[in-house]
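J.: For the sequence shown, position 4 (counting from the first letter as 1) is numbered 235 according to the numbering used here, and the numbering increases by one without interruption. I have a structure here, written as C-alpha cells, and I will follow up with some questions on it.
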Amino acid sequence: TFAGVGAGITGLLPQPVSETEFLGILKSTFKTGVIKHTALLGKPVEKVAVCGGAGSFLLNNAIASGADFFVSADFKYHQFFDAEKKIVIADVG
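Below, the structure written as C-alpha cells:
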C-alpha cells in the first residue's frame, strides 16, 4: 500500500503566465478549442493543481494549497460557485 500517496498533484510553472495564456496551453495540450472554466481572476498563473479524471472532490484541497488554477474534470454546477474568486477551475473533461 501507499499510505503517503493521494489523488492529485500541485506544481509550479517554470515561469508565471497570464490566465489566458495558460488556457491556451491547456487547449493545445488537450487538443480542444473550448475549455469550460470559472471567471478569470486577473492574476498570473504560477501554481497549478491537477487531478486526472473526476477530481472535483479535491476542490477545497486545491484552494487550500494556494493554487491559481485547478485542472480536472466532472465539476458540478455549484462547485463553480464554490471556487468564486479563490481559484480558477478548468474543467477539461
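We put the CB at the ideal spot given by N, CA and C, even for glycine. Every value quoted in this text rests on a predicted model; they were computed, and no experiment measured them.
In the DSSP assignment, find the unbroken alpha helix (DSSP H) run with D313 in it and report its ends.
T.: For the purposes of this step, residue 313 is taken as residue 82 along the sequence shown, with counting starting at 1. Note, D313: alpha helix (DSSP H), Y308 to D313.
J.: Does DSSP put I240 in a helix, in a strand, or in coil?
T.: One-based indexing of the sequence shown puts residue 240 at position 9. It is a strand residue.
J.: Grouping DSSP H, G and I as helix and E and B as strand, with all else coil, what is K316?
T.: Along the sequence shown, read from residue 1 onward, the residue named residue 316 stands at position 85. It is coil, neither helix nor strand.
J.: Closer than 6 Å by C-beta to C282: which residues in its own chain qualify, once you throw out the five before and the five after it? Chain order, please.
T.: Mapped onto the sequence shown, residue 282 falls at position 51. Excluding residues within five positions, the ones whose Cβ falls inside 6 Å are A238, G239, L289 and S303.
J.: Are the beta-carbon atoms of V323 and F253 separated by less than 8 Å?
T.: Within the sequence shown, the letter at position 92 stands for residue 323. Within the sequence shown, the letter at position 22 stands for residue 253. Contact: no.
J.: D305: buried (16+ other C-beta within 10 angstroms of its C-beta) or exposed?
T.: Taking the first residue of the sequence shown as position 1, residue 305 is located at position 74. With fewer than 16 Cβ atoms within 10 Å of its Cβ, D305 is classed as exposed.
J.: Using DSSP bridges, identify the partner residues of A280.
T.: For the purposes of this step, residue 280 is identified with residue 49 of the sequence shown, where counting begins at 1. T241 and F301.
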